[in-house]
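> Take this structure, written in structure tokens, and hold onto it; I'll ask about it next.
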Amino acid sequence: MAVKLVNVFETIMYEYAKLIADRAIEERETVAPAARESKDYWSFVWHTFRKLCDGKITTSAVLRENKLLVAAGNRCAYCGATELLQWEHIVPTSRNGPNTIDNMVLSCSKCNREKAARNPIEWYNAKKLHRKHIPRLVMGKLLKVVLEEHRRRGTDSASDYPEGEGLHLYNVCLVFDHAVPRSQSPSAA
Ligand SMILES: [Zn+2]
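Under the numbering used here, the first residue of the sequence shown carries the number 15, and numbering increases by one thereafter.
See the structure below:
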């Protein structure tokens, strides 16, 4: 069924709904790609999406689960390797990504080097891999920091982002690359 997304918030919630369905319907492990093919899957996504938008459920379940994944062991969040791990910024700090634990995962040095100054969506696109290959833990965290930044800027209710560009998760996740509008910067208040 076609889903009409009306703003940035819904664009992010739709992606969260897929993460929830990946676990609930497909029992997806964190690093393995999701399949996202069955009718049941998409039906579950739709209902979950509506509940997220209506506030009947929250994203905290995903995020709580992510905490467990982090606690579960020292593994690269991208490939599962256990050697040469380092903390990696999901949205690079060189592109204004926050220096907080929400924006960080453990990564092996190979993945960290290969990803370089890209966010996970850009990196997987460059590898010609669909977004459903991005590990659950990484995607859950990316969505969280991106939504928080849109809320901070008041662009979570924008009906396209950036203005005139429609609603694409790819663009929505580039929020940190855009200057904070003058009218919303603290100095203008
Ligand atoms: Zn790795």
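Beta carbons: idealized from backbone N, C-alpha and C, even for Gly.
Candidates A35, R132, D191, E128: which alpha carbon is nearest I104's?
Start at 1 with the first residue of the sequence shown, and residue 104 comes out as number 90. The residue with the shortest Cα to Cα distance from I104 is R132.
> Exposed or buried, what is A193 when buried is set at 16 or more other beta-carbons lying within 10 Å of its beta-carbon?
Locating residue 193 in the sequence shown gives position 179, where the first residue counts as 1. Flag for A193 reads exposed.
> What did DSSP end up calling E102 once you bin it into helix, strand or coil?
Here residue 102 refers to the residue found at position 88 of the sequence shown. Three-state result, E102: strand.
> Pop quiz: P195 and R167 are said to be a contact at Cβ under 8 Å. What is the actual Cβ separation, rounded to whole angstroms?
On the sequence shown, residue 195 is found 181 positions in, with the first residue counted as 1. On the sequence shown, residue 167 is found 153 positions in, with the first residue counted as 1. Indeed they touch by this definition, with Cβ atoms about 7 Å apart.
> Would you kindly work out how many angstroms separate the C-alpha atoms of V159 and A48, rounded to a whole number?
On the sequence shown, residue 159 is found 145 positions in, with the first residue counted as 1. On the sequence shown, residue 48 is found 34 positions in, with the first residue counted as 1. Taking the straight line joining both Cα atoms gives about 22 Å.
> Measuring only the C-alpha atoms, how far is M118 from G111?
Taking the sequence shown and counting its residues from 1, the one referred to as residue 118 is at position 104. Taking the sequence shown and counting its residues from 1, the one referred to as residue 111 is at position 97. Roughly 10 Å separates the two Cα atoms.
> Per DSSP, which one or two residues make a beta bridge with V119?
Taking the first residue of the sequence shown as 1, we reach residue 119 at position 105. In DSSP, V119 forms a bridge with E102.
> Is K142 near ligand 1, in the sense that its beta carbon is under 7 Å from a heavy atom of that ligand?
Sequence index remark: in the sequence shown, residue 142 carries index 128 (1-based). No - ligand 1 has no heavy atom lying nearer than 7 Å to the Cβ of K142.
> Would DSSP call Y28 helix, strand or coil?
Locating residue 28 in the sequence shown gives position 14, where the first residue counts as 1. Correct three-state label for Y28: helix.
> Should L98 and G154 be called a contact, given that it needs their Cβ atoms to be closer than 8 Å?
For the purposes of this step, residue 98 is taken as the residue at position 84 of the sequence shown. For the purposes of this step, residue 154 is taken as the residue at position 140 of the sequence shown. No. Outside cutoff.
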